[in-house]
Amino acid sequence: MAMIEISGLLLLLLTIFLAGGVWIAISLMACGWVAMQFVAGGIPAGAVLATTIWGNSASWTLAALPLFIWMGEILYRTKLSEEMFRGLAPWLNWLPGRLMHVNVLACGIFGSVSGSSAATCATVAKIALPELKKRGYDEKLALGSLAGAGTLGILIPPSITMVVYAVAANVSIIQIFLAGFLPGLLVMVLYSGYIIVWHMLNPDKSPPPEPAMPFRQKLKESAQLIPCMLLIALVFLSLLLGWATATECAAWGVLGSFGIAWWSGTLTKEAFWQSVMGTTRITCMIMLILAGASFMSTSMAYTGIPLALAAWVDSLHLSPYALIAALTVMYIVLGTALDGISMIVLTTAIVIPMIKSAGFDLVWFGIFLVLIVEMAEVSPPVGFNLFVLQTMSGKDSNTVALAALPFFFLLVAAVAIITIFPQIVMILPEMAFPPQ
Numbered sequence: 018m019a020m021i022e023i024s025g026l027l028l029l030l031l032t033i034f035l036a037g038g039v040w041i042a043i044s045l046m047a048c049g050w051v052a053m054q055f056v057a058g059g060i061p062a063g064a065v066l067a068t069t070i071w072g073n074s075a076s077w078t079l080a081a082l083p084l085f086i087w088m089g090e091i092l093y094r095t096k097l098s099e100e101m102f103r104g105l106a107p108w109l110n111w112l113p114g115r116l117m118h119v120n121v122l123a124c125g126i127f128g129s130v131s132g133s134s135a136a137t138c139a140t141v142a143k144i145a146l147p148e149l150k151k152r153g154y155d156e157k158l159a160l161g162s163l164a165g166a167g168t169l170g171i172l173i174p175p176s177i178t179m180v181v182y183a184v185a186a187n188v189s190i191i192q193i194f195l196a197g198f199l200p201g202l203l204v205m206v207l208y209s210g211y212i213i214v215w216h217m218l219n220p221d222k223s224p225p226p227e228p229a230m231p232f233r234q235k236l237k238e239s240a241q242l243i244p245c246m247l248l249i250a251l252v253f254l255s256l257l258l259g260w261a262t263a264t265e266c267a268a269w270g271v272l273g274s275f276g277i278a279w280w281s282g283t284l285t286k287e288a289f290w291q292s293v294m295g296t297t298r299i300t301c302m303i304m305l306i307l308a309g310a311s312f313m314s315t316s317m318a319y320t321g322i323p324l325a326l327a328a329w330v331d332s333l334h335l336s337p338y339a340l341i342a343a344l345t346v347m348y349i350v351l352g353t354a355l356d357g358i359s360m361i362v363l364t365t366a367i368v369i370p371m372i373k374s375a376g377f378d379l380v381w382f383g384i385f386l387v388l389i390v391e392m393a394e395v396s397p398p399v400g401f402n403l404f405v406l407q408t409m410s411g412k413d414s415n416t417v418a419l420a421a422l423p424f425f426f427l428l429v430a431a432v433a434i435i436t437i438f439p440q441i442v443m444i445l446p447e448m449a450f451p452p453q
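Positions 18 to 453 (this note's numbering) are the ones given, in order, by the sequence shown.
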């Protein structure tokens, strides 16, 4: 049987498992075992399963994962994000759209210390939605901006999704983090630009201007921002200047988060245990999925399917841009049925050989993939950010999805921009790690 047909059968088997409600990790392991037993032939699947899972789980690189998750959980559980929103609001009243820009900037800042899209969206939406509704802002734009800006939690480093990709694709976590910084700013600019244009075109839907706040009062309101900004700067500078590895930066981030929470008086025993349990649940879920993905990747390598697929794509003589366009469509379709981390671990082993043969840098492709995952976060029916906003606003899923649609297309524009101008992604990694 041809490798392409075998690939189709394995994909069908995986689809049946997932549609039947089997855990993603177990589905991946089962498909890997079937491939080893019936395609590779003669290779002890049990022994490979044990050594692969242990070898990929006992990784110093993966130690950064629970630490970055914990850092975000601490800030989320101790309500520090509420002070962050209030501190930003006075500085953005001069822009058309005023407090709508706080959604974007607050999500960008909180995303840089949480690493989670859903946590970023939920945290900022909890504060922003009541405030925006009370002041008469357009509810549809408020929901859309929160859905879109919430995705910044996985694009602006440190990001859990970036760590998962770096481990799955065997690339440097630090380089991936550095590569995500400028694209994150690009997406923020696109979102704010859309909000400005929308308000200029719809002045009747904008609330009346608020009275100007004295400069001294602005500084007082922003005092709570300083510790969080210092923590972000410490993590970024440590990565950029090579003072610490990603894992060490994550450890410092956890200590800094504890210090800020203690200093602000919000670190209670209940908040501490909630952060520990939240971190444990998320880490166990991701680690189990990564274990299943590592075994499936190994089994795919034994069968020769990735190389066969790469050769098949080569035989189509697609240009590099045509390949990226095809992958974009594929991932957008997958994003309607799978969450972001699952998309990455399910496809990395198959797609990476194609990307290498097309001449794309794996660090650049990681950021491309994260942007696609952002689209999945605002794509029905499984977009996590849509679920969060639907729950918090009480609106139906169609209303929230339509509100997020313009921001979905802005992410498509961001993908096009980094494809045409790849140096937006690569300039910081190449500055920190000059090509040999």
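Cβ atoms here follow ideal geometry from the backbone N, Cα and C, with glycine treated the same way.
A Cβ-Cβ contact shorter than 7 Å links PRO446 with LEU195. Here DSSP, grouped into helix, strand and coil, assigns ARG152 to coil. Membership of HIS216 in the alpha helix (DSSP H) is indicated by the continuous run 190-218. Around GLY352, the same chain offers MET392, ALA393, SER396 as residues with beta carbons nearer than 6 Å, after the five sequence neighbours per side are excluded. If only complete runs of 4 or more residues are kept, the stretch 332-366 shows the alpha helix (DSSP H) at 337-352, in order along the chain. In this structure, the beta-carbon distance from ILE91 to ALA240 does not fall below 7 Å. Spanning the alpha carbons of VAL206 and ASP155 requires a straight line of approximately 20 Å. Spatial neighbours of GLN291 in its own chain (CB-CB distance under 7 Å, excluding positions within 5 residues in sequence) are listed in chain order as ARG94.
Taking the C-beta atoms as reference points, ALA420 is found nearer than 7 Å to LYS157.
Rounded to whole angstroms, the separation of the alpha carbons of THR364 and ALA52 is 16 Å. The stretch 41-69 is shown to contain whole alpha helix (DSSP H) runs of 4 or more residues at 41-52, in chain order. Contact between the stretch 208-220 and the stretch 112-124 is established, with three or more Cβ pairs separated by less than 8 Å. The criterion of a C-beta distance shorter than 7 Å is satisfied by ILE86 and THR296.
SER239 carries a coil assignment under DSSP once its states are collapsed to helix, strand and coil.
DSSP places ARG298 in the helix class (H, G or I) of the three-state scheme. The continuous alpha helix (DSSP H) containing VAL184 extends over residues 177-186. Straight-line measurement puts the Cα of GLY357 at about 14 Å from the Cα of ALA183. Closest by C-alpha distance to SER359, out of MET302, PHE404, ASP413, is MET302. Here DSSP, grouped into helix, strand and coil, assigns ALA139 to helix.
In terms of Cα proximity to GLY270, the closest of PRO83, ALA47, GLY38 is PRO83. Secondary structure of VAL39 (DSSP, three-state): coil. When secondary structure is reduced to three states using DSSP, TRP111 falls in the coil class, being assigned neither helix nor strand. Contact check for ALA139 against VAL405 passes: the beta carbons are separated by less than 7 Å.
The DSSP-derived three-state label of SER24 is helix. DSSP places VAL442 in the helix class (H, G or I) of the three-state scheme.
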